[in-house]
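One structure is given below, encoded as structure tokens.
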Amino acid sequence: LGGYGVIRVNLGEFQDAFHRISGAVVVIAIVTVLWSAIAALAQDDLRRLVGYVVMSHMGLVLLAAASAAPVAINGAVLLMVADGLTAALLVLMAAAIVERAGTTSIRAMGGMAAHMGRGALFWILAALAAIGFPGLASFIGQFMIVVGAYPSQRIATWIAVLGILVLAGAMILTVQRIFFGATPERLGRLRDLGTLELFNAAALTTFIVLLGVLPAILMDSINFSVLSLLSRGSG
Numbered sequence: 085l086g087g088y089g090v091i092r093v094n095l096g097e098f099q100d101a102f103h104r105i106s107g108a109v110v111v112i113a114i115v116t117v118l119w120s121a122i123a124a125l126a127q128d129d130l131r132r133l134v135g136y137v138v139m140s141h142m143g144l145v146l147l148a149a150a151s152a153a154p155v156a157i158n159g160a161v162l163l164m165v166a167d168g169l170t171a172a173l174l175v176l177m178a179a180a181i182v183e184r185a186g187t188t189s190i191r192a193m194g195g196m197a198a199h200m201g202r203g204a205l206f207w208i209l210a211a212l213a214a215i216g217f218p219g220l221a222s223f224i225g226q227f228m229i230v231v232g233a234y235p236s237q238r239i240a241t242w243i244a245v246l247g248i249l250v251l252a253g254a255m256i257l258t259v260q261r262i263f264f265g266a267t268p269e270r271l272g273r274l275r276d277l278g279t280l281e282l283f284n285a286a287a288l289t290t291f292i293v294l295l296g297v298l299p300a301i302l303m304d305s306i307n308f309s310v311l312s313l314l315s316r317g318s319g
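Note that the sequence shown covers residues 85 to 319 in my numbering.
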């Protein structure tokens, strides 16, 4: 909702004023992207990790808004839709993992893939979607933001790309720490995803893949709305 408000209100109703403070917005954006990614890399609490992933993406949305480039803003809107799906899958899987491990501490986990094969699969899919893996929902949005923002915000865009790479490292490290290696004795034998968890995870994954493979199902509507918004704001 915050990202929608930035685009809808600031670019739609206060475009000139927003352009005057765009430099400050860019600084906030790149700090958000990079700081959130670094915080995710250092994070031991699984639930907080999910929060930092979403925060980092909101920094990209801010960068797109500050650039005022139609391509970047289209990407930001698509990324927000993708984030709704990806964050939901991350939260669902984090809840399942925490329930079975009895802790939110990533350090206290390990080797869970041996007991939670389906859970591991869906967490890895969610992690790949979060870092913008090609063919999944967030990729096109992140790519459009980078391409659209680069001409007017080159240094900021490079810093944002660095943040994306750091976040990718954080998610890969998290997968390794939770699902591989030795299983702590206190965890015992863990049950895999139940029927309802599996159904919800499969439904979310279907939409994540569908949006990644066929972004055009939303892009025409998004592009029309964005161009109308920008033309009204500049009028």
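We treat Cβ as the ideally placed atom computed from N, Cα and C, and that holds for glycine.
Closest by C-alpha distance to residue i, when choosing among the options
| i | options | result |
| --- | --- | --- |
| W207 | S140, I262 and A124 | I262 |
| G278 | P299, L257 and G203 | G203 |
| V161 | T258, V145 and E183 | V145 |
| A266 | G195, G219, F283 and I91 | G195 |
| S315 | G143, L118, A152 and V138 | A152 |
| D276 | L257, L130, A198 and L174 | A198 |
| A171 | R131, N158, A150 and G159 | R131 |
| D129 | G168, T258 and I112 | T258 |
| A233 | G143, Y136 and V137 | G143 |
| M303 | L313, L220, V137 and G159 | G159 |
| Q260 | M193, L118 and L249 | M193 |
| F58 | M200, L174 and V137 | In the structure as shown, the chain starts at 85 and stops at 319, and residue 58 therefore has no counterpart that could be examined. |
| L118 | F283, T241 and L205 | T241 |
| L205 | V245, L174 and I301 | L174 |
Rounded separation between residue i and residue j - CA only
| i | j | result |
| --- | --- | --- |
| A108 | Q127 | 28 angstroms |
| L280 | A178 | 15 angstroms |
| L271 | L311 | 53 angstroms |
| L176 | I190 | 16 angstroms |
| G227 | E269 | Here residue 227 is Phe; the residue named in the question, Gly, does not match the sequence. Rounded to whole angstroms, F227 to E269 spans 43 angstroms at the Cα level. |
| L294 | I239 | 33 angstroms |
| S383 | G296 | Summary: the structure shown does not reach residue 383, with the chain confined to residues 85 through 319, and so no result is reported for it. |
| V231 | F308 | 19 angstroms |
| V90 | A150 | 10 angstroms |
| G186 | R273 | 13 angstroms |
| G253 | V134 | 14 angstroms |
| L251 | P235 | 24 angstroms |
| A285 | L313 | 35 angstroms |
| H103 | G168 | 28 angstroms |
| F217 | T116 | 21 angstroms |
| V137 | L249 | 12 angstroms |
| L282 | I256 | 22 angstroms |
| V245 | L209 | 21 angstroms |
| L220 | T188 | 27 angstroms |
Assumed close pair residue i, residue j - CB separation to whole angstroms, cut-off 8 angstroms
| i | j | result |
| --- | --- | --- |
| I229 | L125 | With 8 angstroms as the limit, I229 and L125 do not qualify as a contact, their Cβ atoms being about 21 angstroms apart. |
| A156 | A148 | 4 angstroms |
| G247 | S106 | No, G247 and S106 are not in contact; Cβ-Cβ is about 19 angstroms, not under 8 angstroms. |
| P299 | I224 | 5 angstroms |
| I243 | I114 | 5 angstroms |
| Q237 | V110 | 6 angstroms |
Margin query: Within 8 angstroms, do at least three Cβ pairs link the region 208-223 to the region 284-292?
Written below: The region 284-292, when compared against the region 208-223, does touch it at the 8 angstroms Cβ threshold.
Check: Given 8 angstroms as the limit, is there contact between the region 114-123 and the region 179-192, that is, 3 or more CB pairs closer than that?
Finding: no
Check: Where are the alpha helix (DSSP H) runs, 4 residues long or more, that stay fully inside the region 129-155, in chain order?
Finding: 130-151
Check: Curious, which full-length alpha helix (DSSP H) runs of at least 4 residues does the region 245-297 contain?
Finding: Taken in chain order, the complete alpha helix (DSSP H) segments of 4 or more residues contained in the region 245-297 are 279-297.
Next item on the list: Can you check the region 161-215 for any alpha helix (DSSP H) of at least 4 residues that lies completely inside it and give the ranges in chain order?
Entry: Those alpha helix (DSSP H) runs which fall completely within the region 161-215 and span 4+ residues are 201-214.
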